[in-house]
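Please read the structure below before turning to the comments.
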Amino acid sequence: MAELHHPRIVEFIGVAWDNLKHISAVTEFMESGDLRNVLRSFKRQGTPLSWRNHKTTISLHIAEAMQYLHCHNPKVIHRDLKSKNVLLNMHLEAKLTDFGVSRTQYTVQTHAMTAGIGTSFWIAPEVLLGRDYNEQADIYSFGVVLSEIDTDDYPFWNDANRDGPRGKLQEADILRQVATGNKRPQFSANCPAGVMLLAESCLQEKAEDRPTAAAVVEALQQLLRLSLQPSSSDSSPSFASGSSWAVS
C-alpha cells in the first residue's frame, strides 16, 4: 500500500505499534466512513443518494482507483473490492482501501487464489471455480458494487431473505448459481439503463467478455456528463438511455 499513490487510493501515512504483535497502518482520515454505511444511512433517513447527484460520481471514483491499480507496474489486483472497502470523505468523494489480500499480477500467476480470499458474494465465477484469473476478477466485483450502489443494500439480499416455496437461499446455493452463470445480483427498477448496461458487461461470466477498467472509466465519464445536464434526472431519456455510449 505504501507504494500506491493516487487521488482515489486512501493515502498511507505510516505505522504505529505498542509492540511487535500489535502493529497498525496509519492512513488518511475519511470522515464519512465506508460506502456501505453511507448508502444505508441516507436510505434510513429517507433521503437516499441518487445516480444524478452522487452515485455516478462515486462509481467513477472507484473505477479510477481500479484503473490505476490495473495499470500499475507491476499490475495490482485488489481481490476484495466491495462497498465496505470504499471510504468517503465529507464531500462524498470515494477512495479505495484495504489492500490486505491484494496481489501483483506476478504473485497471482505463481500463487493461486485460495478459499477465503475476498468476500464470497463479490467473487468472480472463475475464482469460485478455482480457475486461473487476472485483473478482470476485480471488474466482476465492481459490477457487484454497482448493484450495492443502486439498491443501497447487500448483493443478493432478496435471495437470502425472501419467503418462497424453497424458503431462503443459503449462501452456498447462491454461490453455486453464480459460479455456473445462473445468477447475478439484482438491480432496482429505477436503475438508469446506462448503468445497467455497464453492470451487465462487468458481470459477464467469462472474464474476457468484461470491459477493462479503462473502458469502465470512459463509460462512467460519459454517463456523468449526461447526468449533469440541467434537464436530466435518474429517469430522463438522456440519462437513462444507454444507446449513446457503449462499453468495449
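My numbering runs 19 ahead of the 1-based position in the sequence shown.
C-beta: ideal position from N, C-alpha, C; glycine also.
| query | At which residue ranges does the stretch 184 to 219 contain complete alpha helix (DSSP H) runs of 4 or more residues, listed in the order of the chain? | reply | The stretch 184 to 219 contains these whole alpha helix (DSSP H) runs: 190 to 198.
| said: With H, G and I counted as helix, E and B as strand and the rest as coil, what does DSSP make of residue 40? | reply: Coil at residue 40, not helix or strand.
| said: Once DSSP output is grouped into helix, strand and coil, what is the label at residue 35? | reply: Three-state DSSP puts residue 35 in a strand.
| request: Would you mind stating whether residue 117 and residue 104 have Cβ atoms separated by less than 8 Å? | output: Yes, they are a contact pair.
| Through-space distance from residue 219 to residue 27, alpha-carbon basis | Our two residues, residue 27 and residue 219, have alpha carbons roughly 24 Å apart in a direct line.
| task | With a threshold of 16 other CB atoms inside 10 Å of the CB of residue 161, please say whether the residue is buried or exposed. | result | When all chains shown are included, residue 161 counts as buried.
| message | Just to check my reading of the structure: residue 156 and residue 96 have Cβ atoms closer than 8 Å, yes? What is that Cβ distance to the nearest angstrom? | response | Contact flag correct, Cβ pair sits at about 7 Å.
| Straight-line Cα distance separating residue 138 from residue 54 | When rounded, the separation of the alpha-carbon atoms in residue 54 and residue 138 is 16 Å.
| Is the stretch 145 to 152 close to the stretch 189 to 208, with three or more CB pairs under 8 Å? | Enough Cβ pairs lie closer than 8 Å, so yes.
| task | Go to residue 236, then tell me how far its beta strand (DSSP E) extends in each direction, as first and last residue. | result | In the DSSP annotation of this structure, residue 236 is not part of any beta strand (DSSP E); the continuous alpha helix (DSSP H) holding it starts and ends at 232 to 246.
| Per-residue burial, residue 285 [other beta carbons within 10 Å of its own, 16 or more giving buried] | Any answer about residue 285 is impossible in this case: the structure gives the chain only from 20 up to 267.
| field | Distance between residue 143 and residue 65 (C-alpha atoms, nearest Å) | value | Distance between the alpha carbons of residue 65 and residue 143: 33 Å.
| How is residue 125 classed by DSSP in three states: helix, strand or coil? | Interpretation of residue 125 is limited by its pLDDT of 47, a score under 50 that renders its predicted location unreliable; the figure taken from the coordinates is listed afterwards. Helix.
| request: Under 6 Å Cβ to Cβ from residue 67, same chain only, skipping five residues before and after it: list those, please. | output: Once the five neighbours on either side are set aside, the close Cβ partners of residue 67 are 61, 171.
| field | For residue 134, three-class secondary structure by DSSP | value | Residue confidence for residue 134 is low, a pLDDT of 42 falling below 50, so the modelled location carries little weight and cannot support an answer.
| query | What did DSSP end up calling residue 256 once you bin it into helix, strand or coil? | reply | Because residue 256 sits at a pLDDT of 46, beneath the cut-off of 50, its placement in the model cannot be relied upon, and the following sentence gives the value as read from the coordinates. If DSSP states are grouped into helix, strand and coil, residue 256 belongs with the helices.
| Secondary structure at residue 182, three-state DSSP: helix, strand or coil? | Reliability of the predicted coordinates at residue 182 is poor, the pLDDT of 49 falling under 50, and the value obtained from them is presented with this limitation in mind. Here DSSP, grouped into helix, strand and coil, assigns residue 182 to coil.
| task | Could you check the C-alpha separation between residue 265 and residue 39 for me, to the nearest Å? | result | Residue placement at residue 265 is poorly supported in this model, since its pLDDT is 42, which falls under 50; the coordinates still yield a value, given next. Their backbone Cα atoms lie some 51 Å apart in a straight line.
| task | Run the CB neighbour count on residue 32, radius 10 Å, all protein chains shown included, and call it buried at 16 or more, exposed below. | result | Label assigned to residue 32: exposed.
| said: I'd like to know whether the C-beta atoms of residue 51 and residue 111 end up nearer to each other than 8 Å. | reply: Contact check for residue 51 against residue 111 passes: the beta carbons are separated by less than 8 Å.
| Looking at the unbroken beta strand (DSSP E) that takes in residue 114, where does it start and where does it end? | DSSP places residue 114 in the uninterrupted beta strand (DSSP E) bounded by 113 to 115.
| Grouping DSSP H, G and I as helix and E and B as strand, with all else coil, what is residue 29? | Residue 29 falls in the coil class under three-state DSSP.
| Starting from residue 275 and walking both ways along the beta strand (DSSP E), at which residues does that stretch end? | Since the first residue shown for the chain is 20 and the last is 267, residue 275 is missing from the structure and cannot be characterised.
| request: Evaluate contact between the stretch 82 to 96 and the stretch 233 to 242, counting only Cβ atoms and requiring at least three cross-stretch pairs below 8 Å. | output: With the cut-off at 8 Å, the stretch 82 to 96 and the stretch 233 to 242 touch.
| request: Following the continuous alpha helix (DSSP H) through residue 64, name the residue where it begins and the one where it ends. | output: From DSSP, residue 64 is part of no alpha helix (DSSP H); its letter is neither H nor E.
| query | For the candidate residues 56, 30, 226, whose alpha-carbon lies nearest to that of residue 151? | reply | When only C-alpha atoms are compared, the closest one is 226.
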